[in-house]
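All residue numbers for the sequence shown refer to the numbering used here, where the first residue is 1 and numbers rise by one. For reference, the structure discussed in these notes is given below.
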Amino acid sequence: MFKYKPKFLNFEKNSRFAERVIFLSIPTAMVFILLVAVQLMTPIMAIVSYASIIVFNVILLFPMTFEMQQVKKYIETLAAGKDFDDKAMKLSENESQAIVQAINTMHSFWSHKTDVLEAQTISDTAVLDSLPDPIIMIDRTGNILGANISARSLFGNNIANKSIDKVVNSNNFIEAVSRVLKKESQSENLIFYIQKPVQQKLYAHIKQLPWMSKGLAVAVISIYDLTKAMKIEKMQSDFVANASHELRTPLAIISGFIETLQTTAHDDAEARDNFLKIMKEQTDYMSSLIENLLSLSKIELNQDQKPEGKANLGKLLQDVKEALSMKASERGMEIKILQEKNIPEIEADAAQVRQVIQNLTDNALKYGLAQSDVTVSVYKTESIPPSKSYKVAEGKAVAISVNNKGPKISPENLARLTERFFRLQEHKDLNIKGTGLGLAIAKHIILRHRGNLTVSSTSYNGTTFTIYLPVHQ
Ligand SMILES: Nc1ncnc2c1ncn2[C@@H]1O[C@H](COP(=O)(O)OP(=O)(O)OP(=O)(O)O)[C@@H](O)[C@H]1O
Ligand SMILES: [Mg+2]
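Below, the structure written as structure tokens:
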């Protein structure tokens, strides 16, 4: 019936509107047939009246059907997650308006809930991703439901939905996971090893999630990289070994000379003077080593504290020049200061900045070419060159460069100069005294100030250390 489909006002085609109109008028048609049968009405009149009733039904039903169709389209659009302008709907029936209003209220309730959930998920993911240790969530069959960035960078980017035993190649680990999944234990802790991507020693904590969490995840695995911790431990023990070795050497020398003085050189006045001079040198060395070790540990302690105070670089440079003038004249050298105009005061720990400048100038005098000049230049820069290992301060800065003439330092050695106890072999061979800690101390102080230290060396220009310190902290 009514197979043709009108496209009037976007009226939907398969609406069964015509059938409803006909069905509604059937009882009236019966009445008219009866009236014609008992001759109370002429057939013409009955047909005209019946036609007018059909017209009346059409006029009554059309707006209702049309409005219901609009409401249906509205719900379908919302369900598909698209936007629909409900103001564009022309609804005259009170019921249709009430339905649309109820739908609007329900829709805004659920979209608010969805927004909250979405925001929560985003922030949860961000928190998990910001953790330095790998975290993995698994379902009851051992499939990976989620993994943070650290886990993905350790085990591969596409580990989601894979079974945990395909991802982690360690029987001990897999057994511990299955004990937790079978609820034989609430949590498991173990140390295990993986060979790929690199050989690593790891510690895992596998924990059942409480049943209240209701989600798909039933267990969480957190992993700690013990290789890193072992490296730090090794660095610390190397440091202690180095420090004790550095102290033991002069002690052995002093003790050797004391023994000689007590025995063979007992009555040799010339030897005694010579030995005492060496012993004095060794004790000086020991006290500077202890002083440097102490200042290194002090700097490390307040490494994360923002430096306070102001430093006037012009004054600090004059202080350093005076303090080292004797040393300079001993080697026939001169410290020249080239200072740009209007160097601002910087926000810094003045004593520490002085220590850095003094360490660098002291090196330049010790290792630079005798009878040459050491040039200390101070100038303003727009920014600090970036560092590979930490974030330097932004904004204007002041640079202080210390140059000395002398042979070129090879790039391999240049890269190691700030390592603790590292000294160039040629300087050890020349018996130039030093603890190998001055530049390590300088590096730590500059790091605390979020500045930078660069070094360049050429056979023509000699060696130049440049420190950059921000004007504002
Ligand atoms: N200006 C320089 N020219 C050539 N070599 C340098 C220069 N500055 C440092 N070095 C090399 O770098 C090494 C490390 O320097 P650093 O200042 O850390 O220790 P040090 O001078 O040996 O000891 P300390 O500073 O405690 O007296 C030095 O031993 C030296 O070999
Ligand atoms: Mg030094």
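For every residue, glycine included, the Cβ atom is placed at its ideal position computed from N, Cα and C.
Asked                                                                                                           : Found
Backbone secondary structure at K201 - three-state DSSP                                                         : strand
Within the segment 339 to 380, ranges of the alpha helix (DSSP H) (whole runs, at least 4 residues)             : 350 to 367
DSSP state of V167 mapped onto helix, strand, coil                                                              : helix
Secondary structure of G462, DSSP reduced to three states                                                       : strand
V402, enclosing beta strand (DSSP E) - first and last residue                                                   : A397 to N404
Cutoff 8 Å: A18 Cβ touching any chain C Cβ                                                                      : Of the protein chains in this structure there is only one, and it is not chain C.
Segment limits, alpha helix (DSSP H) that includes S287                                                         : A269 to L301
Straight-line Cα distance separating A229 from I149                                                             : 20 Å
Classification of R140 by the beta-carbon crowding that lies within 10 angstroms, buried from 16 upward         : exposed
Minimum C-alpha distance to S456 - residue among E412, A442 and L24                                             : E412
Length of the line joining the Cα atoms of Y193 and S222                                                        : 15 Å
For D225, the three-state DSSP class (helix, strand or coil)                                                    : strand
Beta carbon of I299 nearer than 8 Å to that of I445                                                             : yes
Neighbour-count burial assignment, I325, 16 or more Cβ in a 10 Å radius                                         : It is Ser, not Ile, that sits at residue 325 in the sequence shown. Exposed, because fewer than 16 other Cβ atoms sit within 10 Å of the Cβ of S325.
Same chain, Cβ closer than 6 Å to V168, neighbours up to 5 away in sequence not counted                         : none
Per-residue burial, K277 [other beta carbons within 10 Å of its own, 16 or more giving buried]                  : exposed
Nearest candidate by alpha-carbon position, reference T361, set D284, N242, K336 and A18                        : K336
Buried/exposed call for V240, threshold 16 Cβ in 10 Å                                                           : exposed
Three-state secondary structure assigned by DSSP to A29                                                         : helix
Distance, K315 Cα to L469 Cα                                                                                    : 16 Å
Residue span of the beta strand (DSSP E) that contains N157, given as start and end                             : Looking at the DSSP string, N157 is not in any beta strand (DSSP E), and its letter there is neither H nor E.
Rounded straight-line distance, which links the Cα of N143 to that of N94                                       : 53 Å
Distance CB(R179)-CB(S185) smaller than 8 Å                                                                     : yes
S457 (DSSP reduced to helix, strand or coil)                                                                    : strand
Sub-8 Å separation of D373 and E340 beta-carbons                                                                : no
Beta-carbon proximity check, Y285 vs K162, cutoff 8 Å                                                           : no
Spatial distance of V402 from L437 (CA atoms)                                                                   : 18 Å
I135, enclosing beta strand (DSSP E) - first and last residue                                                   : I135 to I138
Spatial neighbours of T264 in its chain, beta-carbon cut-off 8 Å, leaving aside the 5 residues before and after : none
For Y4, the three-state DSSP class (helix, strand or coil)                                                      : Confidence at Y4 is low in this model, with a pLDDT of 36, below 50, so its placement is unreliable and the value that follows should be read with caution. DSSP places Y4 in coil when its eight states are reduced to three.
C-beta atoms of T65 and Y50 nearer than 8 Å                                                                     : no
Where K280 falls, given that 16 or more other Cβ within 10 Å makes a residue buried                             : exposed
Cα-Cα separation, I232 to K443                                                                                  : 19 Å
Closest by C-alpha distance to P307, when choosing among V471, I26 and M45                                      : V471
Rounded straight-line distance, which links the Cα of D124 to that of L301                                      : 33 Å
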